[in-house]
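Under UniProt numbering, the first residue of the sequence shown carries the number 1, and numbering increases by one thereafter.
The beta-carbon is built from N, C-alpha and C at its ideal position, and this holds for glycine as well.
Take a look at the structure below.
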Amino acid sequence: MNLLFQISSKTEFANLKANMEFCHPSQFHINSPKAYEILLHEIILGDQTLFTRWDGVETSWKYTESILEITGRRKKEFPNYRAGSFGPEEADKLIEGDGREWCMPRKMENMPR
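Rendered as structure tokens:
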């Protein structure tokens with residue numbers, strides 16, 4: 001397993017980059033098991049939690065199909081809003097019901113909705 005993180009930080013005068021690399025076999029001097037090795041090992045031990053049974057798949061599809069059927073009959077009302085704006089008025093109404101409001105940065109208060 002190799003992980004590579006690249007962290008970029010920017011100041012007024014410079015753009016600094018730092019690379020951090022981690023290689024599991026190199027650090028611990030062992031080989032990491034491959035995905036199928038893990039699955040085979042677990043099934044040999046009798047642990048089936050990493051596997052999906054057919055009755056689980058079938059039940060999932062029953063729920064999914066009923067949701068699709070219900071949502072397909074309803075009128076789709078979605079509060080669309082312009083990209084780059086603060087979102088739809090419905091978002092304001094949602095939290096105003098609890099007596100709260102969004103915090104707006106001063107320079108963005110006049111931004112269009």
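Contact under 8 Å by Cβ, residue i with residue j
i	j	result
Glu-42	Leu-50	yes
Ile-95	Glu-101	yes
Gly-87	Tyr-81	yes
Opening and closing residue of the alpha helix (DSSP H) in which residue i lies
i	result
Asp-92	89 to 96
Ser-66	54 to 73
Glu-77	Careful: Glu-77 lies outside any alpha helix (DSSP H) and carries neither H nor E.
Glu-37	35 to 44
Reference residue i; option with closest CA among the options
i	options	result
Thr-52	Ile-70, Lys-93, Leu-39	Leu-39
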